[in-house]
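Novice:
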Amino acid sequence: MGEFSIFHWLIVLAIVLIFFGGRRIPEVMKGLGEGIRSFKEGISGASTTPPQPPPATPVQAPSEKPTEEKK
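Each residue of the sequence shown is one higher than the one before, counting from 496 in my numbering.
#1: Whole-angstrom Cβ separation of F515 and V523, contact assumed at under 8 Å?
#2: If you follow the alpha helix (DSSP H) that S539 is part of, which residue opens it and which one closes it?
#3: By the three-class DSSP mapping on this structure, what secondary structure does F499 have?
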């Protein structure tokens with residue numbers, strides 16, 4: 496009485512399919528995976544935001560001035 500057989504698991508699977516349907520189960524699993532991932536990141540303190548790039552140094556203009564053509 497304390498152990499589950501394969502027959503018990505098939506009944507549980509059938510009930511889950513009846514409640515959620517075949518199309519809804521992947522959505523539920525995706526949401527569950529994202530929730531677990533978010534929880535783990537929250538615990539470890541890591542974030543998914545990429546690090547900020549260092550500030551760009553200004554580009555210096557060439558020291559020579561271009562000559563203007565006279566018409």
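Just so you know, even glycine gets a beta-carbon here, dropped at the ideal spot from N, CA and C.
Specialist: In short:
#1: Start at 1 with the first residue of the sequence shown, and residue 515 comes out as number 20. Start at 1 with the first residue of the sequence shown, and residue 523 comes out as number 28. Correct: roughly 6 Å between the Cβ atoms.
#2: For the purposes of this step, residue 539 is taken as the residue at position 44 of the sequence shown. For S539, the uninterrupted alpha helix (DSSP H) run begins and ends at 519-539, by DSSP.
#3: By one-based count along the sequence shown, residue 499 stands at place 4. The answer is coil: DSSP assigns F499 none of H, G, I, E or B.
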